[in-house]
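>
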Amino acid sequence: MDGYTILHEMLESALKQAGEESGMLLGQELSIALSDSLRTTKTAYFGDLDDACFVIGVESREAYAGRFYLLFSLRDAIVMSSILLGIPPARIQEKKRLCIIEADDIDAFSEIANMINGSFNTVFQGALPNKVHLKLLSPKKFIPDVDQLTADEPLPEGEFLMFRSKLEMPDQELNHLDVLIPLELGNLFDPPAEAPEEETALAGEELEAAVADAQAAGPEEEIGIDEGEAEPLEAAAETGADSIVVLEDDEGERHLMIEAVGFTGYEVVEGTLNADIKELFYGRKVRLVLIGSMDADDRELSVCIKINAIRQDSPPPIIMSAQRWTRTAVLKALKYGARDIIIKPCGEDELATKVRRFCKLPV
Numbered sequence: 002m003d004g005y006t007i008l009h010e011m012l013e014s015a016l017k018q019a020g021e022e023s024g025m026l027l028g029q030e031l032s033i034a035l036s037d038s039l040r041t042t043k044t045a046y047f048g049d050l051d052d053a054c055f056v057i058g059v060e061s062r063e064a065y066a067g068r069f070y071l072l073f074s075l076r077d078a079i080v081m082s083s084i085l086l087g088i089p090p091a092r093i094q095e096k097k098r099l100c101i102i103e104a105d106d107i108d109a110f111s112e113i114a115n116m117i118n119g120s121f122n123t124v125f126q127g128a129l130p131n132k133v134h135l136k137l138l139s140p141k142k143f144i145p146d147v148d149q150l151t152a153d154e155p156l157p158e159g160e161f162l163m164f165r166s167k168l169e170m171p172d173q174e175l176n177h178l179d180v181l182i183p184l185e186l187g188n189l190f191d192p193p194a195e196a197p198e199e200e201t202a203l204a205g206e207e208l209e210a211a212v213a214d215a216q217a218a219g220p221e222e223e224i225g226i227d228e229g230e231a232e233p234l235e236a237a238a239e240t241g242a243d244s245i246v247v248l249e250d251d252e253g254e255r256h257l258m259i260e261a262v263g264f265t266g267y268e269v270v271e272g273t274l275n276a277d278i279k280e281l282f283y284g285r286k287v288r289l290v291l292i293g294s295m296d297a298d299d300r301e302l303s304v305c306i307k308i309n310a311i312r313q314d315s316p317p318p319i320i321m322s323a324q325r326w327t328r329t330a331v332l333k334a335l336k337y338g339a340r341d342i343i344i345k346p347c348g349e350d351e352l353a354t355k356v357r358r359f360c361k362l363p364v
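In the working numbering, the protein residues as written are 2 to 364.
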């Protein structure tokens, strides 16, 4: 499915985290990996459904209001709830084969679903601060050829963005988890990009003006902290060596950025835009993140989302750099967590000034 790169990255992070945390609850290794996405309708989706499923509504509150839906195979729900209840393996397989679900199973699965919703809240609130709060609704069972589709059941009519994830657990044959997001809500989470021909690249002074205008629009459009809040951020950050993380696909550009921040004396950790952010942050007190690319695109924004998901309570300042910036790119960068923006190539003195400001180093 074209577009919705930011939403895809948010869901990928949320589902991965949900698998890890739900696995800890179950005492089993559980992987939830996003594998496919497409546009569909309620009629088309349920017309292709062969097996019974659980439909769990998630209500999105705050500015981005609406509902989206988590759909599990009923047999997968039976397996996971039975494991949580401590039911013997042989009995689990029998319940799965006969599709037997009892009140205790529903209660147990609701606990698992709450864990998944918690992961979604962590990622979505980190990426969209003050815009969304997710509340889990009661699960509904739907059996094809038994339960009838109505205008509102098991979910409303309309066009949906479907994101399918593979569920994997050792010694179990699981199916998939589908996330169905109404098109209108998906466009709030990740607005469609404006046509590129409508925008031109910003020059230096134009970029500074665009950044200033976006920052003046209101703090609710930014992720991060104000200058006066630096002390709480430092106190809340992980202990470890003071570090700067440099992310850039081009090895030569990355090396120049590393050299430019060497004066700080901090440990410099490097990687590409596809690097494992959690691994780079582990055991380090990250004071600043530098992200570079050719164009200011969604890949950079997805890195911001991952950083804010990992350090939701105390995200480090992020400086994003690219050779080409448009006004829309500036707005999106600040919305998703950048504290400052520069056009490459950037002079060492200019970068050093910004690094000193965000790391609170003496001039």
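Using N, Cα and C, we set each Cβ at its ideal position, and we do this for glycine too.
(1) Sorted by chain position, which residues of the same chain lie with C-beta nearer than 6 Å to A353's C-beta, five sequence neighbours on each side aside?
(2) Flag this pair as yes or no: are the beta carbons of L137 and N115 separated by less than 7 Å?
(3) On the DSSP bridge list, what partners appear for Y70?
(4) My output table needs one value for G225: the three-state DSSP class, helix, strand or coil.
(5) Beta-carbon separation of A34 and S166 under 7 Å?
(6) Nearest-angstrom Cα distance between K345 and E260?
(7) With DSSP as the reference, label V247 as helix, strand or coil.
(8) Mind checking whether L178 and L168 have CB atoms under 7 Å apart?
(9) Determine the closest residue to L31 out of L85, I311, T42, G67, with distance taken between C-alpha atoms.
(10) In the DSSP assignment, find the alpha helix (DSSP H) that holds A128 and state where it starts and stops.
(11) Use the C-beta contact count for K43: other C-beta atoms within 10 angstroms, 16 or more gives buried, fewer gives exposed.
(12) So for D299, helix, strand or coil by DSSP?
(13) Which one of L291, S61, L71 has the shortest CA to CA distance from F55?
(14) Check whether the Cβ atoms of V287 and V246 sit closer than 7 Å, and answer yes or no.
(15) Output the distance between the C-alpha atoms of L156 and G48, rounded to the nearest integer angstrom.
(16) So, does the segment 255 to 275 touch the segment 324 to 337, judging by three or more C-beta pairs under 8 Å?
(17) With 16 as the cutoff for other CB atoms within 10 Å, does Y283 come out buried or exposed?
(18) Would you mind reading off the limits of the alpha helix (DSSP H) that contains R328?
(19) Would the beta-carbon of T41 fall within 7 Å of that of D299?
(20) Determine the contact status of S322 and G348, defining contact as a CB-CB distance below 7 Å.
(21) Looking only at its chain, what residues have a beta carbon closer than 7 Å to the beta carbon of C305, apart from the 5 residues adjacent to it on each side?
(22) At which residues does the alpha helix (DSSP H) containing L1 begin and terminate?
(23) Let me know the beta strand (DSSP E) ranges lying completely inside the segment 129 to 168, each 3 residues or longer, listed in chain order.
(24) Contact defined as beta carbons within less than 8 Å: I believe Y65 pairs with V133. What is the distance between those atoms, to the nearest angstrom?
On the basis of the data shown:
(1) none
(2) yes
(3) G58, L181
(4) Below a pLDDT of 50, predicted positions are generally treated as unreliable, and G225, at 37, falls in that range; no measurement from the model is reported.
(5) Yes, the Cβ-Cβ distance between A34 and S166 is below 7 Å.
(6) 15 Å
(7) Residue state, collapsed to three classes: strand.
(8) yes
(9) L85
(10) Note, A128: alpha helix (DSSP H), 104 to 128.
(11) buried
(12) helix
(13) L71
(14) yes
(15) About 14 Å.
(16) They do not touch, by the three-pair rule.
(17) exposed
(18) 328 to 336
(19) no
(20) No, the Cβ-Cβ distance between S322 and G348 is not below 7 Å.
(21) I319, Y337, G338, A339
(22) Outside the displayed span of the chain (2 to 364) sits residue 1, for which this structure offers no information.
(23) Taking only runs of at least 3 residues, the beta strand (DSSP E) segments lying wholly in the segment 129 to 168 are 134 to 143.
(24) 5 Å
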